[in-house]
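Student: Could you have a look at this structure, given as structure tokens, before my questions?
In mature numbering (1 follows the signal peptide of the UniProt record, and there is no 0), the protein residues as written are -19 to -1, 1 to 235.
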């Protein structure tokens, strides 16, 4: 790895408190992407150990549309502004909890319209989320206007976990709670998925963290393929769990 690459990573991961001397490039993780015929990147930051593992550094710094992973951001602004009064409030026949788990596009489009473009833009600029660009108020995270890198998503997730975003702690806890997808005696797995089912290249995201013994580790998975036969929703979760298992998670020992 060229030193310039490590310097870029150190700068880009300032939110994740990473530095060149605690970064490990995991070339062995390539097999999980090859197995499912996708290209991609995986980033894993252990907060307790201060270590960072990454597969495909170059892609980790490239920006893509966030797709439904942006629902995290929309939910935060929605709860903060009152566009979402509580997690049981029904919009488009769904509660926030239901819409979050389903990545329901109409729900979050309606929330975005209720928030309004000026407010959304203000918060994008304030948080410095990706390239901070908005086109139409209800499609900008789906139409390649707004772009964000896996590196930037990791910093955003870490700030959300540690109450470091400019929102009330109750607002951030509300969103963290709906992100919790699996809870066992050994671990808790919280995440939000995203999927762009484009005609040419299909894109998938998983953004979140795994917590064992109250120690969080933050991860970002970003995958892409031109193969129409690849089931992105299934593949992204398979790769996530394969890599986390490889890294020693799910045992309650981290």
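Even for Gly, the Cβ is constructed at its ideal location relative to N, Cα and C. Note that the structure is predicted; figures quoted are calculated from it, not measured.
1) Using the three-state DSSP reduction, which class does residue 99 fall into: helix, strand or coil?
2) Return the first residue and the last residue of the beta strand (DSSP E) that residue 166 is part of.
3) Tell me the residue span of the alpha helix (DSSP H) that contains residue 25.
4) So what does residue 234 bridge to, in DSSP terms?
5) Is it true that the CB of residue 22 sits closer than 8 Å to the CB of residue 131?
6) Taking only runs that begin and end inside the segment 139 to 212, name each unbroken beta strand (DSSP E) of 3 or more residues, in chain order.
7) I think residue 25 touches residue 34, with their Cβ atoms under 8 Å apart; what is that distance to the nearest whole Å?
8) Residues bridged to residue 72 by DSSP?
9) Let me confirm a value: residue 188 is counted as buried when at least 16 other C-beta atoms fall within 10 Å, else exposed. Which label applies?
10) If I measure Cβ to Cβ from residue 61 and keep anything under 6 Å in the same chain, skipping five residues before and after, which residues do I get?
11) Going by DSSP in three states, residue 222 sits in which element: helix, strand or coil?
12) Is residue 72 near the ligand NAP, in the sense that its beta carbon is under 7 Å from a heavy atom of that ligand?
13) Using three-state DSSP, classify residue 121 as helix, strand or coil.
14) Which whole-angstrom value describes the C-beta separation of residue 235 and residue 193, a residue pair presumed to lie in contact below a C-beta threshold of 8 Å?
15) Run the CB neighbour count on residue 52, radius 10 Å, all protein chains shown included, and call it buried at 16 or more, exposed below.
16) Mapping DSSP to helix, strand and coil, what is residue 5?
17) In the structure shown, what three-state DSSP assignment does residue -16 receive?
18) When burial is assigned at 16 or more other CB atoms within 10 Å of the CB, is residue -11 buried or exposed?
19) Examine the Cβ distances between the segment 176 to 183 and the segment 212 to 223 and report whether three or more of them are shorter than 8 Å.
20) For the alpha helix (DSSP H) containing residue 13, list its first residue and its last residue.
21) For residue 34, does the three-state DSSP call read helix, strand or coil?
22) Can you give the Cα-Cα distance for residue 6 and residue 69, rounded to whole angstroms?
23) Using the rule of at least 16 other Cβ atoms within 10 Å of the residue's Cβ for burial, across every protein chain shown, is residue 92 buried or exposed?
24) Take the Cβ of residue 112 as the centre, count every other Cβ of all protein chains shown within 10 Å, and call the residue buried at 16 or more, exposed below.
25) Residue 206 to residue 37, Cα distance in whole Å?
26) For residue 55, which residues from the same chain have a beta carbon less than 7 Å from its beta carbon, with the 5 sequence-adjacent residues on both sides left out?
27) What does the alpha-carbon distance come out to for the pair residue 127 and residue 47?
Tutor: According to the structure data:
1) Helix.
2) First-last for residue 166: undefined, no H or E at that position.
3) Element bounds for residue 25: not the alpha helix (DSSP H) but the beta strand (DSSP E), 20 to 27.
4) Residue 234 pairs with nothing; no bridge assigned.
5) In this structure, residue 22 lies closer than 8 Å to residue 131 by Cβ.
6) Runs of the beta strand (DSSP E) inside the segment 139 to 212: 161 to 164, 169 to 178, 183 to 193, 196 to 206.
7) The distance from the Cβ of residue 25 to that of residue 34 is about 5 Å, consistent with a contact at the 8 Å cut-off.
8) 75, per the DSSP bridge assignment.
9) Result: buried.
10) Contacts found: 148, 152.
11) Three-state DSSP puts residue 222 in a helix.
12) Questions concerning the ligand NAP fall outside what the structure shown contains, since it holds no ligand whatsoever.
13) DSSP places residue 121 in coil when its eight states are reduced to three.
14) At roughly 4 Å, the Cβ-Cβ gap stays under 8 Å, so residue 235 and residue 193 are in contact.
15) Classification of residue 52: buried, given that the 10 Å Cβ count is 16 or more.
16) In the structure shown, the three-state DSSP call for residue 5 is strand.
17) Only weak support exists for where residue -16 lies, its pLDDT of 39 falling under 50; the coordinates are left without a value.
18) Model confidence at residue -11 stands at a pLDDT of 48, short of 50, so the residue's coordinates are unreliable; what they give is reported in the following sentence. Its Cβ being crowded by 16 or more others within 10 Å, residue -11 is buried.
19) By the Cβ rule, the segment 176 to 183 counts as touching the segment 212 to 223, because three or more pairs are nearer than 8 Å.
20) Looking at the DSSP string, the run of the alpha helix (DSSP H) that includes residue 13 is 11 to 16.
21) Strand, per DSSP.
22) Distance between residue 6 and residue 69, taken at the CA atoms: about 42 Å.
23) Buried, since its Cβ has 16 or more Cβ neighbours within 10 Å.
24) Label assigned to residue 112: exposed.
25) Approximately 15 Å, taken between the alpha carbons.
26) Only 89, 92, 93 meet the Cβ criterion.
27) Between residue 127 and residue 47, the C-alpha separation is close to 7 Å.
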